[in-house]
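For reference, each letter of the sequence shown is one residue, going 7 to 306 in the numbering used here.
Glycine included, each C-beta is placed from N, C-alpha and C at the ideal position.
Note that the coordinates shown come from a computational prediction; the quantities given were computed from them, not determined experimentally.
Taking it in order: structure first as structure tokens, then the write-up.
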Amino acid sequence: MRALDRDFTEETATDIVLGRNEACSLPRLTQIMAVLVPHLHAVVRELDLTSAEWMAAIAFLTATGQISSDRRQEFILLSDTLGVSMLVDAINNRKLDDVTPSTVLGPFHVDGAPEMDMGGTISLDGRGEPLLVEGRVLDERGVPIEGAVLDIWQTSEDGFYDTQDPSQPDMNLRGVFRTGADGHFWFRTIVPASYPIPNDGPVGKMLAALGRHPMRPAHIHFIVSAQGYDALTTHVFLAGDPYLSSDAVFGVKEALIRDVLTSTDAERAAARGMQAPFKYLDTDIRLQHEAATLSQGPQE
Ligand code: BEZ
Ligand code: FE
């Protein structure tokens, strides 16, 4: 018997690798590799990739791993900036039309943010322009949801999360709120700023080489969960931000943009612990019943 059935050549490469993988007994892995290997080989063939270019790609991935730690996840940043995170999010969160869309989680969520009474302020150092955020958590038909939990986090007025900035108190600009029977929520914070994603590593270099900026438009993060509903990871973006149409991680959706307005309503100010005139942002959040999940993908 011959030692080799076929030489490994440009023509035979893909079939030989796929053949070698045939012993795999894990159906999903088999399916993934049957798609991944031909696509990977197609990239190499189509680009006539040089050995130096492949080594540069390996050096880039190595650097991406080396800068990652339990405080920094450069591979997620790579996925975010290549639009993969938002694509996976879109595929996994197909929603009914009237439901609030999801967007990326990002690397700055922290478990264990303090649970606060409704109306509490998440600004522990009081720095920045005061902002009232108010709305209701509703279902897809507009019925208020009682006991919905809102986990909220955002940057300071300088565009830093507390975990990036030793000058901020621990858990600054983070809080957890729980709706009552009317689904209503409100909390006090400060106007967040647009900010660059971490860009001192290989992903930052990649963006610079591509002529892309690293900025995200100003936003407030929400994870909203309630029993019987799909949990929602989303943001509210501030209208008028110059980076809304060029978010470095492609997270912006039209339905998530809200105006920050100024109110002179002294009664509302008094009821909400604000001083008139004050800035406010109104936003309802609509969750989808677990059973209401859309199962089919995009139509051909
Ligand atoms: C964020 O919004 O916190 C974020 C999302 C993706 C990458 C970097 C930051
Ligand atoms: Fe963010």
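Placement of the Cβ of Asp206 at a distance of 6 Å or more from every heavy atom of the ligand BEZ is found. Burial check for Ile97: the Cβ neighbour count within 10 Å stays below 16, so the residue is exposed. For Ser91, the uninterrupted alpha helix (DSSP H) run begins and ends at Val90 to Asn98, by DSSP.
A check of alpha carbon separations from Ala224 across Gly112, Tyr201, Thr270 and Val209 identifies Tyr201 as the nearest. A residue is called buried when at least 16 other Cβ atoms come within 10 angstroms of its Cβ; Gln160 meets this threshold and is buried. For the pair His241 and Ser108, the Cα-to-Cα distance works out to about 8 Å.
For the 7 Å CB-CB criterion, Pro113 and Ile73 do not form a contact.
C-alpha of Leu35 to C-alpha of Leu46: approximately 16 Å in a straight line.
Of the heavy atoms belonging to the ligand FE, none sits nearer than 6 Å to the Cβ of Gly257. Judged by DSSP secondary structure, Glu80 falls within the alpha helix (DSSP H) whose first and last residues are Glu80 to Thr87.
Relative to the ligand FE, the nearest heavy atom lies less than 6 Å away from the CB of Gly112. For Arg194, there is no enclosing alpha helix (DSSP H); the residue is part of the beta strand (DSSP E) that begins and ends at His190 to Ile196. Apart from sequence neighbours up to five positions away, the residues of its chain that approach Met122 with a beta-carbon distance below 8 Å are Ile128, Gly181, Val182, Phe183 and Phe193, ordered along the chain. Assignment of Pro202 by DSSP, reduced to helix, strand and coil, places it in the strand class.
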